[in-house]
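Colleague: Provided herewith is a single structure, encoded as structure tokens, for subsequent inquiry.
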Amino acid sequence: MNEQTPIVRTTPTVPFTADDFLRMMDRGAFEDMRAELVQGEIEKMMPSHWGHGELLIRLGGLLGTQLRSAGAPVGGDVVIRIDDTTVRAADISVLHPGTVPDRVLIGAQVLLAIEIADTTLDRDMSGKRIDYAAAGIAHYWVFDIAREVVHIFGEPVDGDYSQVATVRFDEPLALPLGAGSITLA
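As structure tokens, then:
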């Protein structure tokens, strides 16, 4: 009697490139969803909860007023090309003064990337932190809604941030460029 050998599919997976992802984005592939490209794989991002959306609007107003007066453009839900296999979308991006915003940003253009974490804290504090540091983004802030604190990262060195601090929502948070401070509470 002949034994059957199980058939195992060995089709290799090929990661998407940032260029592939951006072409798909331009052609409307992600029109009805938010997505990021992380190390060649497309990751679907969940819709925001109320707390996230409300804080996004508040921060946009506070940061927009003070940082724009210092010459730094401020935008929301901005696409940042990290490298050839990763494209992230920051909740808020503050650009270096004099930078002309483009459809897709690169890390060198971004002074400050901000994420608002209600259900995404682990991802924001790990993978996104490493990606933003590797891209050379000078400052990265994670607004932790549950704990009412801001995790502040600065000075990217060798793929991570060398400066780390935490500020409560009811404490003044110093803005880059000497543009004053904001308080959320």
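Note that numbering that gives the first Met the number 0 has the sequence shown beginning at 0, numbered continuously upward. Ideal placement from N, C-alpha and C gives every residue a C-beta, glycine not left out.
Can you grab the Cα-Cα spacing for the pair Gln38 / Asp83, in whole Å?
Modeller: Within the sequence shown, the letter at position 39 stands for residue 38. Within the sequence shown, the letter at position 84 stands for residue 83. Between Gln38 and Asp83, the C-alpha separation is close to 8 Å.
Colleague: How many angstroms separate the CA atom of Ile91 from the CA atom of His51?
Modeller: Position 92 of the sequence shown, counting from 1, holds the residue named residue 91. Position 52 of the sequence shown, counting from 1, holds the residue named residue 51. Going by the C-alpha atoms only, they are around 12 Å apart.
Colleague: Consult DSSP for Gln191 and reduce its assignment to one of helix, strand or coil.
Modeller: Residue 191 is absent from the structure shown; the chain starts at 0 and stops at 184.
Colleague: So which of Pro46, Tyr131, Thr182, Leu66 has the shortest CA-CA distance to Asp157?
Modeller: Residue numbering aside, residue 157 sits at position 158 when the sequence shown is read from its first letter. Closest option to Asp157, Cα to Cα, is Tyr131.
Colleague: Here's the rule: buried if 16 or more other CB atoms are within 10 angstroms of the residue's CB, otherwise exposed. What is Ala116?
Modeller: On the sequence shown, residue 116 is found 117 positions in, with the first residue counted as 1. It is buried - the Cβ of Ala116 has at least 16 other Cβ atoms within 10 Å.
Colleague: Does the Cβ of Ile6 have 16 or more other Cβ atoms within 10 Å, making it buried, or fewer, making it exposed?
Modeller: Working through the sequence shown from its first residue, we reach residue 6 at position 7. By the 10 Å Cβ count, Ile6 comes out exposed.
Colleague: Using only alpha-carbon positions, find the residue among Gly75, Arg87, Leu55 that is nearest to Phe142.
Modeller: Counted from its first residue, the sequence shown places residue 142 at position 143. Considering only alpha carbons, the answer is Leu55.
Colleague: Do you know whose CA, among Ile129, Ala164, Ala145, Val149, lies nearest Pro155's CA?
Modeller: Taking the first residue of the sequence shown as position 1, residue 155 is located at position 156. Checking every option, the nearest Cα to that of Pro155 belongs to Ile129.
Colleague: Look at the alpha carbon of Asp19 and the alpha carbon of Glu30, and state the distance between them as a whole number of angstroms.
Modeller: In the sequence shown, the residue the question calls residue 19 occupies position 20. In the sequence shown, the residue the question calls residue 30 occupies position 31. Distance between the alpha carbons of Asp19 and Glu30 is about 16 Å.
Colleague: Based on the DSSP output, what are the partners of His150 in its beta bridges?
Modeller: As a position in the sequence shown, residue 150 is number 151, starting the count at 1. The partner list for His150 (beta bridge, DSSP) reads Val141, Thr165.
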